[in-house]
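For the sequence shown, the residue numbers in the numbering used here are 837 to 1031.
Notes follow the structure.
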Amino acid sequence: MSVLNLRKSLATFRKDASGSVAVESAIIFPTLLFCLFVMMNIFDAYRAKSTTEKAAFAVSDMLSRETTAVNAEYLNGIHAVLEEISTVRSEHKLTVSHVFWSPVSGDYELSWSRSNGSGSGITASEFEAMKGKLPVLVDGESLIVVETSAQYAPPILAGWNGQRPYGEESALNMDIDTFVFTRPRFAPQLAWSNS
């Protein structure tokens, strides 16, 4: 086939206005459906991130209003509140820490840190990494730091439970982490009680 015949065939094809709507629909429908699913997943991911951040702020606000010491039972209760507000379908990890600025050392100090369940909170190295995220405090001022993490699984493209048919972890899953800090409102600090 010569180049001239190829050009003539392409010109004829381009000018041809006949066609079938059913064939054109069959060609374009899978692409439109795929785009719809992708947009729904993107919207759901932003909604999950937003509700998780709002839940973390609500938990932080609850803790900032406490005037008595909190304990593991209280922490499990606010974890249930976090789970109820957030639209992420997986288990959330909740860590609450109390930090203050020490005039003696001239640096942030960790009063206590606990996680929901049987978690012990953050380690010394995690606290060192956290210092860069904290605001400037005056001598003796304290902060309540709430950290949450959960695994988000897209509901449509990866299945409703975020698993592939044979139990493999979905490559589409992503971590949603929040970091919120609040000053205590009605008490100078948030105390921890082991009882």
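Note that the Cβ used here is the ideal one computed from N, Cα and C, for glycine as well.
Query                                                                                                                                                               : Result
In the DSSP assignment, find the unbroken beta strand (DSSP E) run with isoleucine 992 in it and report its ends.                                                   : Here isoleucine 992 belongs to no beta strand (DSSP E), and DSSP marks it neither H nor E.
Would you please state the rounded distance, in angstroms, between the beta carbons of serine 949 and proline 1024? I believe it to be under 8 Å.                   : Actually they do not touch by this definition, with Cβ atoms about 18 Å apart.
Who are the Cβ neighbours of alanine 1027 in its own chain at under 6 Å, not counting the five residues just before and after it?                                   : Ala905
Pick out the complete alpha helix (DSSP H) segments inside the stretch 941-994, 4 residues or longer, and give them in chain order.                                 : 960-966
So, helix, strand or coil for aspartate 1013, using DSSP?                                                                                                           : strand
Would DSSP call leucine 872 helix, strand or coil?                                                                                                                  : helix
Tell me the rounded alpha-carbon separation between valine 935 and isoleucine 878.                                                                                  : 36 Å
Suppose the cutoff is 8 Å on Cβ atoms and the five residues either side in sequence are ignored; what does the same chain contact list for aspartate 897 look like? : Thr1018
Check this for me: beta carbons of methionine 876 and isoleucine 992, under 9 Å apart or not?                                                                       : yes
From this set, Thr887, Asp852, Thr867, which residue's C-alpha is nearest tyrosine 988's C-alpha?                                                                   : Thr887
Measure the Cβ-Cβ separation of glutamate 983 and threonine 959 and say whether it is below 9 Å.                                                                    : no
Under 9 Å, Cβ to Cβ, is there at least one residue of chain E near aspartate 1013?                                                                                  : The displayed structure is made up of one protein chain only, and chain E is not part of it.
For arginine 1000, count neighbouring Cβ atoms within 10 angstroms of its own Cβ and tell me buried if that reaches 16, exposed if not.                             : Confidence is the limiting factor: at arginine 1000 the pLDDT is only 47, short of 50, which leaves the residue's position unreliable, though a coordinate-based value still follows. Exposed.
Three-state secondary structure (DSSP) at serine 933?                                                                                                               : strand
Buried or exposed, going by whether 16 or more other CB atoms sit within 10 Å of the CB of lysine 969?                                                              : exposed
So, under 8 Å CB-CB, proline 939 and glycine 913 are touching, yes? Tell me the CB distance rounded to an integer number of Å.                                      : Incorrect: roughly 34 Å between the Cβ atoms, too far for contact.
Assign valine 906 to one of three DSSP states: helix, strand, or coil.                                                                                              : strand
Mapping DSSP to helix, strand and coil, what is threonine 923?                                                                                                      : coil
Report the partner residues of serine 938 according to the DSSP bridge assignment.                                                                                  : Asp943
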